Structures are given as structure tokens and as C-alpha cells.
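*Asks:* Read left to right, the sequence shown gives residues 39 to 143 (the working numbering). Cβ atoms here follow ideal geometry from the backbone N, Cα and C, with glycine treated the same way. This structure is a prediction, so every number in the text was calculated from the model and none was measured.
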Amino acid sequence: MVKVKISSNPYQKEILFDKWNNQAGVWKSISYQNNENSKLISDKMKRSFLPFTVKEIIDIIIEEYDDGSDIELQFEGTDDEFQELIYLVKEAPYSRIKVLKGGDP
């Protein structure tokens, strides 16, 4: 299972992304140093308002990190943003995605 954490601060228009590293047992920041080609590290994604980019973010996560197994998203942010994620993953193409509130693995 792939685990990605989305940490959103809508007041500062900042979104951070982490990927769970099973071997090390820790969250690793998705950054230029460990994935220089990731679209998630672009200013467009990191400096956006989540409700406006949530579908694009999920599509990027699937494109870049999907290994054929289920995808678990850990979300840290407002309840309204969390509800946006829940609503989106109810749609058919996203049925393998599980969304949890909080950041623990």
C-alpha cells in the first residue's frame, strides 16, 4: 500500500506532501532532493488552495506513486478540505484511495 500525507494550510496557501517509507518507518518529504521530477513540488501545487487543485493533486499522486496496490492518503488540514477529499474519492476512478484524517501511519 502506498501512503502519502497531504498537509494543508489554507490560510498561508501552503500544501506539503510526504510519502511513507516502509523500510525506515518514517514520513519522507516529497522534495526536489528525493524526487526532482515530481509535479507535487511545483509552486502551483505547493502554493495553492486545496479545494481548487484537489483533483489535480490526486491525479498526480496516482501518476507518480501508484504501484497497483491501494493508496492511503493521510490528511492534515481543515475539516472542509478533508470533506473535499472524501467527496472526490467517492468517484469511480478513485475507489482504491482511502482518506484518513491525521498524520500517523
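#1: From the DSSP secondary-structure annotation, give me the bridge partner or partners of Phe113.
#2: Measuring only the C-alpha atoms, how far is Ser67 from Tyr103?
#3: Considering only C-alpha positions, which residue in the set Ala62, Ile99 and Leu123 is nearest to Ser76?
#4: Less than 9 Å between the C-beta atoms of Ser45 and Thr116, yes or no?
#5: Can you grab the Cα-Cα spacing for the pair Tyr49 / Leu88, in whole Å?
#6: If you run the structure through DSSP and keep just helix, strand and coil, what is Asp97?
#7: Alpha carbons only, please: which of Tyr132, Phe120, Ala130 and Leu126 is nearest the one belonging to Leu138?
#8: State the CB to CB distance for the pair Leu54 and Ile96, rounded to an integer number of angstroms; the pair is presumed to be in contact (CB under 8 Å).
#9: So what does Gly59 bridge to, in DSSP terms?
#10: What residue range does the alpha helix (DSSP H) around Lys84 cover?
*Replies:* Once the coordinates are examined:
#1: Ile44 and Lys139
#2: 14 Å
#3: Ile99
#4: No, Cβ-Cβ distance for Ser45 and Thr116 is not below 9 Å.
#5: Rounded to the nearest whole angstrom, the C-alpha separation of Tyr49 and Leu88 is 11 Å.
#6: In the three-state reduction of the DSSP assignment, Asp97 falls in the helix class, which pools H, G and I.
#7: Phe120
#8: In fact, because the Cβ distance is near 16 Å, the residues do not count as touching under 8 Å.
#9: Here residue 59 is Asn; the residue named in the question, Gly, does not match the sequence. When beta bridges are read from the DSSP output, Asn59 appears opposite Val64.
#10: Here the alpha helix (DSSP H) through Lys84 covers Asp81 to Lys84.
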